Ligand code: ADP
Ligand code: MG
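In this note's numbering, the protein residues as written are 24 to 167.
Shown next as structure tokens:
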């Protein structure tokens, strides 16, 4: 079954939106199979977002992501990587489709509630960044 990595960013945690956002994922029948709160150091945020090194927003992004605690999680489900990208919406809430998480909750193009992997390859690397195999728990969803 396909897996992806999601991070609830500082603006999500600090505004009491953890439950709201996780509910959206669970309502779509994705299983949360790993979950942890942590406070990234600047160095860790720089490493996680290394792909954006050199971009105009890189320093703001890494400072922001290490400004407060975040919640990282692994979601599992059919076609989960693309479907979660759709569910969260465009990076800048101004461009996000109505009904998406970022459209509803994002404060700006930087403080946009949630990170989600953008390919299966990056999902594998990002999952390994936060979790080892023993911290990931596959289970069957029960609907009754
Ligand atoms: P996404 O999170 O939608 O995959 P990117 O990978 O392009 O977006 O960027 C990573 C994160 O960097 C974004 O979620 C956002 O927090 C921040 N970011 C991206 N572009 C900008 C920008 N133009 N101005 C400010 N922050 C940005
Ligand atoms: Mg991205």
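Where is the CB? At the ideal position from N, CA and C, for every residue including glycine.
Predicted model, so just to flag it, every value in this text is computed and none were measured.
Residue i beta carbon near ligand 2 (any heavy atom closer than 7 Å)
| i | result |
| --- | --- |
| residue 115 | no |
| residue 141 | yes |
Any non-hydrogen atom of ligand 1 closer than 7 Å to residue i Cβ
| i | result |
| --- | --- |
| residue 105 | no |
| residue 83 | yes |
| residue 80 | yes |
| residue 42 | no |
| residue 133 | yes |
| residue 161 | no |
| residue 62 | no |
Sheet register partners of residue i (DSSP bridge)
| i | result |
| --- | --- |
| residue 99 | 26 and 54 |
| residue 138 | 30 |
| residue 60 | 94 |
Delimiting residues of the beta strand (DSSP E) encompassing residue i
| i | result |
| --- | --- |
| residue 119 | Here residue 119 belongs to no beta strand (DSSP E), and DSSP marks it neither H nor E. |
Residue i, enclosing alpha helix (DSSP H) - first and last residue
| i | result |
| --- | --- |
| residue 65 | 65 to 71 |
| residue 147 | 143 to 153 |
| residue 133 | No alpha helix (DSSP H) contains residue 133, which DSSP labels as neither H nor E. |
| residue 126 | 124 to 128 |
| residue 84 | 81 to 88 |
Exposure of residue i, with buried meaning 16 or more beta-carbon neighbours within 10 Å
| i | result |
| --- | --- |
| residue 80 | exposed |
| residue 135 | buried |
| residue 149 | buried |
| residue 157 | exposed |
| residue 65 | exposed |
| residue 48 | buried |
| residue 3 | Absent from the structure is residue 3, since the part of the chain shown begins at 24 and ends at 167. |
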